Amino acid sequence: MAWRIATDKMRQAKMFCATAMQRRMDQQKMYRRLYRLKMKHGIYPTKIEDFKVIKGDLVEIIRGRDEGKQGRVKRVLRQSETAIVEGLNLRYGRGQGKAGDKQSKMKESPILLKNLALVDEDTGIPTPIDWKYQQLQSDKDRYHRVRQSIVSGEIIPTSKLAKPQRKLKECHPSKDTPPSWARARSWIGPW
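By my numbering, the letter at position 22 of the sequence shown is numbered 26, and the numbering carries on one by one without gaps.
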């Protein structure tokens, strides 16, 4: 299953590569990354829709030197199956200061997703999750996938930080379709 995901990604990458040599190099890079994940960390690539931790979630570290501490996820790095948690797993990082001199400061470093547990906001304890399908309020024919806490049974909401921030361009009054018309569902299929 994991190798099938990788080959699909490689097929998509072929469209962007100019030569056969570049395609081969990209293929080797993909296989090296998969091998490293499997051999070093014992994990296989996860599908994008199966990621349980997203940006803005409250998580607890269940393994490592910061074990038992909780924090918010700043960023999820999908290719390396890691996440950066606010204020946890701090390491010294070197950089340049304002005057151009070298400075060392504490930076958050990535943590493997298998070492994180999602925290239920109601109870404040780590919980496994279950995927459920919930009916949309606006359209009774459609369902969307949600995360449900096994500890409390409540649905864990998606953070506002996880949703992409897109700005809609102003449309031309006579040439463009208004956004309200474009969002409306105009066709209902036979199903």
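No residue lacks a Cβ here, since even glycine has one placed at the ideal position from N, Cα and C. Here the structure is a predicted model, which means the values were calculated and not measured.
>> Can you confirm whether the segment 133–151 touches the segment 165–181 when touching is taken to mean that 3 or more C-beta pairs between the two stretches lie within less than 8 Å?
In response: no
>> Suppose you measure from the CA of residue 174 to the CA of residue 189; what does that come to, to the nearest Å?
In response: 21 Å
> Of all the options 157, 83, 133, which has the alpha carbon lying nearest to the alpha carbon of residue 115?
Replying inline: Residue 83 holds the alpha-carbon nearest to the alpha-carbon of residue 115 among 157, 83, 133.
> Is DSSP giving residue 185 helix, strand or coil here?
Replying inline: helix
> What are the residues that DSSP puts in a beta bridge with residue 106?
Replying inline: Paired residues: 100.
>> Strictly by DSSP, which residues pair up with residue 130?
In response: 123
> How many whole angstroms separate the CB atoms of residue 78 and residue 89, which I take to be in contact at a CB cut-off of 8 Å?
Replying inline: About 7 Å separates the two Cβ atoms, so the contact holds.
> Who does residue 81 pair with in a DSSP beta bridge?
Replying inline: Residue 81 is bridged to 86.
> residue 166: which of 46, 81, 154 sits nearest, CA to CA?
Replying inline: 81
> Using the C-alpha atoms, what's the distance from residue 23 back to residue 34?
Replying inline: 17 Å
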